[in-house]
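Structure first, then comments.
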Amino acid sequence: MKPILYLLFLYCVPITLCAQNSQESTDSEKRLDTFTEAKRHELSLDVTAALTLPAIQPRYEYVLGRYSGIGADIFIALDSDEVQTEELEKLSITPFYRQYFFSKEDYGAKGFYAEGFLKAYTYESDDFNNQFANNISEDETFFETALGVSIGWKWVSNSGFMIDLGLGIGRNLGFSDEPDEFRPDIMPRGGVHFGWRF
């Protein structure tokens, strides 16, 4: 009789433990699904571009899941007599993919991240014209594309308010018609974004 009770006990304990683990993962999945359905979109604005340059740079990001997201920036430079904006980008669009790390919360998509980006932009330069046109100042617009990487940190409050601090660098791919000696090789990326996850 004792061996039968012992075997019955050994048979029931694993079933009970498996049922508890299954129930716990189901609860966690429900919390994750509830949060990600409600808050997968982010809109933000780069305050460094607004304060240091006469420019606006909105960003949209779609949270794919706990550890990743995709999105795009749009940079629009505003003309100003106070700031010399030669060699600065005038208009750009930058799609990106982000991978988040160390995200222990169920809702995730915050904390430390690394991203890859492709930036297509236009910029003005008067160096080429000044060199060959007897110093006549005439801006010429060029198109360029850069491929690069960034790292950063994102804080998101329970209410959805977010701060995103990032810094990166990209290599220009050489599509510009500007001569090599005047064309920049490196394109920096960075800023402090304030926004909202909804």
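Heads up, the sequence shown is in this note's numbering, so the first residue is 301 and it goes up one at a time. Even glycine gets a Cβ: it sits at the ideal position worked out from N, Cα and C.
_Whole-angstrom C-beta distance between Arg366 and Ala540, which should lie under 8 Å_ = Because residue 540 is not part of the residues shown, which for the chain are 301 to 498, the question remains open.
_Glu342 classed as buried or exposed, judged by whether at least 16 other C-beta atoms fall within 10 angstroms_ = buried
*First and last residue of the alpha helix (DSSP H) that includes Ala350?*
347–352
_My assumption, with CB atoms under 8 Å, is that Tyr362 sits in contact with Arg340. Please give the rounded CB distance._
6 Å
*Do the CB positions of Ala377 and Leu391 come within less than 8 Å of each other?*
yes
*Is the Cβ-Cβ distance between Asp477 and Phe442 less than 8 Å?*
yes
*Do Ser450 and Gly460 have their C-beta atoms within less than 8 Å of each other?*
no
_Taking the straight line between their C-alpha atoms, what separation do you get for Gln351 and Ile393?_
According to the sequence displayed, residue 351 carries Leu and not Gln. Answer to the nearest angstrom: the Cα atoms are 20 Å apart.
_Of the residues Val492, Asp346, Gly416, Arg471, the one placed nearest Ser368, counting alpha carbons only_ = Gly416
*Taking the C-alpha atoms as reference points, what is the distance between Ala349 and Tyr421?*
16 Å
*How big is the Cα-Cα spacing for Leu447 and Asp485?*
11 Å
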